[in-house]
């Protein structure tokens, strides 16, 4: 009789463990589908803000709310590199007009609704590698995005990306959870861990 009880007890313990695992996995799945997503940065279009190989935590598009200038987002455009996720900064939202042109000193600038943007985050002075002047009014439910490394970024200035529809945005970047390796030293700078702006 005792052998049967022990056997039943062992099977019951296995059943309880599997039961708990199913609930834990379901909870983790819900968190990573509806609340937070993880994604890696591929390329250098967001230098110096983000490096190639950085791992990011995103606030899922389900709960991210309205996007605004300066937010960094991850989006997927099927027409660009077979839908590979891209990481860019929001420059303008629905109804706003973006203009890229030369100032009186012959330097390129970006303005939104006639106000020249103060962009301390860009990597270097922008060169005219895309059509200039450019003026675009952002369509309904869309955003206009650009990389911080303007001279090495495929973004809304490129026809294959253009304006990004809000339903193509996977989420808004919250923080770097694992910094990428430095291209020169091959080491990770853990001082870059944390919130991104």
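Numbering (my numbering), first residue to last: 113 to 309.
Where is the CB? At the ideal position from N, CA and C, for every residue including glycine.
For residue 256, DSSP records a beta bridge to 204. Taking a contact to require three or more Cβ pairs closer than 8 Å, the segment 273-293 and the segment 209-229 do not qualify as touching. By the Cβ rule, the segment 228-247 counts as touching the segment 259-270, because three or more pairs are nearer than 8 Å.
Of the candidates 303, 265, 213 and 125, 265 places its Cα closest to the Cα of residue 235. Going by beta carbons, residue 288 and residue 162 fall inside the 9 Å limit. Between the segment 272-279 and the segment 149-165, the count of Cβ pairs shorter than 8 Å is below three; the stretches do not touch.
In the DSSP assignment, residue 242 falls outside any beta strand (DSSP E), carrying neither H nor E. In the three-state DSSP reduction, residue 178 falls in the coil class, being neither helix nor strand. Ranked by how close their Cα comes to the Cα of residue 251, the residues 205, 300, 165 and 280 have 205 in first place. In the structure shown, residue 213 adopts extended strand secondary structure according to DSSP, grouped into three states. With at least 16 other beta carbons inside 10 angstroms of its own, residue 202 counts as buried. Going by DSSP, residue 278 is part of no beta strand (DSSP E) at all; its letter is neither H nor E.
For residue 188, the three-state secondary structure derived from DSSP is coil.
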